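Novice:
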Amino acid sequence: MEENVEAIEDLLEEFPRVFPEYLALLFASASEGVGIAAYEVLQLSAGGDGGGMGGSGRCIEALSKVVCNGNLENSIRAGCLKSMSELGIPATYLRDKGEVMRGESGDMDIANLSKLYTSNLNDLVKTACESRFVLDVGQAAASLIKNFGSSDEDVELGLKIIEHLMSFIIRLMVHATENYAKLRLSLTEQSPIVVPLAILPFVEIVLNTPAGLLGPVFYRRLLFAIQSLAILTYKVNTVRGIVGEVHEENMRKIVRLIGGGRFWKHPELLAALFKLHINIEGGHGPTWSKVHTRVSSMLLEEHECMVNSRGGGVIFNRCVKHNVDGVPCNRASRAFGVCRPIFGEGGGGKGGERGGKAEAEVEAVEVEVEAEVVEVEGEEVKEETEEEEEEAYQEEKFESDSDWNDEDNDEDDDEDEEKDEGEDCPFLDIATLQLDELDDLFFEGTGLDVGRGPPPAKFMCSLSGEIMHEPIQDPYSDEPRYYDKTSLVQKGEADEDPYWPRTKERIDVGEVLKMEVDKRIVDEIWIWKGRM
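In my numbering, the protein residues as written are 4 to 535.
#1: Rounding to the nearest angstrom, what Cα-Cα distance links Met87 and Cys342 in this structure?
#2: Within the continuous beta strand (DSSP E) that includes Ile257, where are the two ends?
#3: Can Val137 and Leu168 be called in contact, C-beta distance under 8 Å?
#4: Can you grab the Cα-Cα spacing for the pair Ile148 / Ala228, in whole Å?
#5: Who are the Cβ neighbours of Glu371 in its own chain at under 8 Å, not counting the five residues just before and after it?
#6: I need the DSSP call for Asp526, collapsed to helix, strand or coil.
#7: If we cut at 8 Å on Cβ distances, does Thr241 have a partner in chain B?
#8: Can the beta-carbon of Thr236 be found closer than 8 Å to that of Val246?
#9: With contact counted as at least three CB pairs below 8 Å, one residue from each stretch, are the region 237-244 and the region 295-302 in contact?
#10: State the start and end residues of the unbroken alpha helix (DSSP H) segment that holds Asp139.
#11: Below 8 Å on the Cβ atoms is my contact criterion, and I expect Tyr485 with Ile475 to pass it. Report the Cβ-Cβ distance as a whole number of Å.
#12: For Ile510, which three-state DSSP category applies?
#13: Which residues in the same chain have their Cβ closer than 7 Å to the Cβ of Ala214, if we skip the five residues on either side of it in sequence?
#14: Which whole-angstrom value is the C-beta distance of Gln493 and Lys278, which I expect to be below 8 Å?
#15: Kindly indicate which residue of Gly288, Met309, Ile92 has the alpha-carbon position closest to the one of Phe171.
#16: For a quick check, are the C-beta atoms of Pro270 and Cys322 less than 8 Å apart?
#17: Using the Cα positions of Glu251 and Lys522, report the straight-line distance between them to the nearest angstrom.
#18: Mapping the DSSP letters down to three states, classify Glu373 as helix, strand or coil.
#19: Can you tell me which of Asn333, Ile524, Lys163, Glu181 puts its alpha carbon nearest to the alpha carbon of Ala144?
#20: By Cβ distance below 8 Å, which residues in the same chain neighbour Asn77 in space, the five residues on each side in sequence not counted?
#21: Taking C-alpha atoms, which residue in His178, Arg255, Pro458, Lys85 lies nearest to Tyr120?
#22: Can you tell me whether Asp521 is helix, strand or coil according to DSSP?
#23: Kindly indicate which three-state DSSP category Val239 falls into: helix, strand or coil?
#24: Rounded to the nearest angstrom, how far is the Cβ of Ile257 from that of Leu210, given a contact under 8 Å?
#25: Give me the residue from Arg505, Ile208, Leu303, Met518 with the minimum Cα distance to Glu482.
#26: Verify whether the separation of the beta carbon atoms of Thr130 and His472 is less than 8 Å.
#27: Taking only three categories from DSSP, how would you classify Lys360?
#28: Could you give the C-beta distance for Ile281 and Gln230, rounded to a whole number, given that I count them as a contact under 8 Å?
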């Protein structure tokens, strides 16, 4: 223990900006487990023995044990929790690497920075697959918030634990390039317990926030919660039913709190709400079609208000059409039919037969999408003109308070300016890193550059139509055809007679999991993401 304390003190002197003051609390707590956890974190950040492959995995295990230790002070648990969450952020690994990786031109080597980050992140993914820390941390948080109103300090700690756990899961799902399919399987096993025990109570508490107190913390927590639920309900029947029970009630509360045309400031949240609605198949039980009709009408109305107001539409389109938020969407869902125009698809899109049937079963929800119709190789395709897209982009990027005097929206502007100390962006792309201004990394930006076009076709899974995490080549196809490993695993488990697309070869899930990922395409995807 003494050796650990000395090593930590040395590292604190050498790297005072690596993590803030709460690390001093960790090793001062006279708990060997806490000391080791802090030591792992600092060694990892300093690039010492704890860094590289294996270091981040050991670190997350040590930190999660401290977070789950109810005998420690809340400040210590909160410190470890923040450290755990920051393990998913690029800046944690790149703080002292920027100058080293600058070439003669002075530009950073995006490819090498990406590899440095993803190697550590993939180690976290491996740990998440092999351990049950998501379940352990979720249960620890649930024990703190179950007596809502009895102890404000405990409840707030519980909310912070769940918030950081969700943001951590989202980062793993968005940025993983290895073991992504295994991660989904692991979360599928743990989420039926974590969702009703921790995440849904978290949503209930957040939605009880008074309308006059809707600041940055509220929006951040709600975004993490909806994105997490959309991820965890994606093609998982057990979780889908649990969330479906309270789906309409929660949607009504959200629209009541921030609807009425105010989603233009929170387009990522509206995109996540659409994806969640689609992933839970529009509702649960015998009345699902009525629930689907009512909820989809609310969402489509909010979407129309958003695109007709000052911006928001461009970021929304990036999330739903190009999946830059990393949240998956089940386009074969029975609820996808009425949302096809929003997702940039016509009546015969990727929704599949199920989506087509559902569209006929539920009441029609008319959606007017204004777009230019252009001729492309004999087909009519709806497409925004360059002028329309540029206009929306300029409105979103260069908002001016001087000509926007609506009372409600002025109130929102003031709320956004109240930056919370713990606020960080959900997705931080490599190219947005300002390595000489690291203090601002966790507080600024959304990580979504709305000025970029759609991803190249070769980055998209031929089965799901989403950007691939683990691209593998079809061994039975004469021409190069790539699929995301997760899509094949889900197809192999869900279908009664699973076959490789366009072939009659059966899918062996075990063999698919062992197949090598095409590193060349992974690198290209990461370079493209780094330039977004």
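Even for Gly, the Cβ is constructed at its ideal location relative to N, Cα and C. In this text, all values refer to a predicted model and were calculated from it rather than measured experimentally.
Specialist: On the basis of the data shown:
#1: Looking up residue 87 in the sequence shown gives position 84. Looking up residue 342 in the sequence shown gives position 339. Distance between the alpha carbons of Met87 and Cys342 is about 37 Å.
#2: Start at 1 with the first residue of the sequence shown, and residue 257 comes out as number 254. Run containing Ile257: none in the beta strand (DSSP E); it sits in the alpha helix (DSSP H), 250-261.
#3: One-based indexing of the sequence shown puts residue 137 at position 134. One-based indexing of the sequence shown puts residue 168 at position 165. Against a cut-off of 8 Å, the Cβ pair of Leu168 and Val137 comes out as a contact.
#4: Translated into the one-based positions of the sequence shown, residue 148 becomes position 145. Translated into the one-based positions of the sequence shown, residue 228 becomes position 225. Whole-angstrom Cα-Cα distance: 15 Å.
#5: By one-based count along the sequence shown, residue 371 stands at place 368. Residue confidence is low: Glu371 scores 32 on pLDDT, short of 50, so the model does not pin down where it sits. Its coordinate-derived value is still stated next. Answer for Glu371: Glu307, listed in chain order.
#6: Taking the first residue of the sequence shown as 1, we reach residue 526 at position 523. In this structure, Asp526 counts as helix in the three-state DSSP scheme.
#7: In the displayed structure, chain B is absent; only one protein chain is listed.
#8: Your numbering for residue 236 matches position 233 in the sequence shown. Your numbering for residue 246 matches position 243 in the sequence shown. Contact: yes.
#9: no
#10: In the sequence shown, counting from the first residue as 1, residue 139 sits at position 136. Taken as a continuous stretch (DSSP letters only), the alpha helix (DSSP H) holding Asp139 covers 136-148.
#11: In the sequence shown, counting from the first residue as 1, residue 485 sits at position 482. In the sequence shown, counting from the first residue as 1, residue 475 sits at position 472. About 7 Å; that satisfies the 8 Å criterion.
#12: One-based indexing of the sequence shown puts residue 510 at position 507. Reduced to three states, the DSSP call for Ile510 is coil.
#13: Within the sequence shown, numbered from 1, the residue matching residue 214 stands at position 211. Contacts found: Leu260.
#14: Position 490 of the sequence shown holds residue 493. Position 275 of the sequence shown holds residue 278. Between Lys278 and Gln493 the Cβ distance is about 16 Å, and since that is not below 8 Å, they are no contact.
#15: The residue given as residue 171 occupies position 168 in the sequence shown. Closest option to Phe171, Cα to Cα, is Ile92.
#16: Numbered from 1 along the sequence shown, position 267 holds the residue referred to as residue 270. Numbered from 1 along the sequence shown, position 319 holds the residue referred to as residue 322. It is a contact, given that the beta carbons lie within the stated cut-off.
#17: Within the sequence shown, the letter at position 248 stands for residue 251. Within the sequence shown, the letter at position 519 stands for residue 522. In a straight line, the C-alpha of Glu251 is about 42 Å away from that of Lys522.
#18: Here residue 373 corresponds to residue number 370 of the sequence shown, with the count starting at 1. Because Glu373 carries a pLDDT of 33, less than 50, the predicted location of this residue cannot be relied on, and the following value inherits that uncertainty. Reduced to three states, the DSSP call for Glu373 is coil.
#19: What you label residue 144 is simply residue 141 of the sequence shown in a count that begins at 1. Of the listed residues, the one whose Cα sits closest to Ala144 is Lys163.
#20: Along the sequence shown, read from residue 1 onward, the residue named residue 77 stands at position 74. Glu156, Asp157, Leu160, listed in sequence order.
#21: Within the sequence shown, numbered from 1, the residue matching residue 120 stands at position 117. It is His178 whose Cα lies nearest to the Cα of Tyr120.
#22: Numbered from its first residue, the sequence shown carries residue 521 at position 518. It is coil, neither helix nor strand.
#23: Looking up residue 239 in the sequence shown gives position 236. DSSP places Val239 in coil when its eight states are reduced to three.
#24: Against the sequence shown, residue 257 aligns to sequence position 254. Against the sequence shown, residue 210 aligns to sequence position 207. Right, their Cβ atoms sit about 7 Å apart.
#25: In the sequence shown, the residue the question calls residue 482 occupies position 479. The residue with the shortest Cα to Cα distance from Glu482 is Arg505.
#26: Stepping through the sequence shown from its first residue, residue 130 is reached at position 127. Stepping through the sequence shown from its first residue, residue 472 is reached at position 469. Their beta carbons are not under 8 Å apart, which means Thr130 does not touch His472 by this criterion.
#27: Taking the first residue of the sequence shown as 1, we reach residue 360 at position 357. Since pLDDT at Lys360 reaches only 36, below the 50 mark, its modelled position is unreliable, and no value is offered.
#28: Residue numbering aside, residue 281 sits at position 278 when the sequence shown is read from its first letter. Residue numbering aside, residue 230 sits at position 227 when the sequence shown is read from its first letter. Incorrect: roughly 14 Å between the Cβ atoms, too far for contact.
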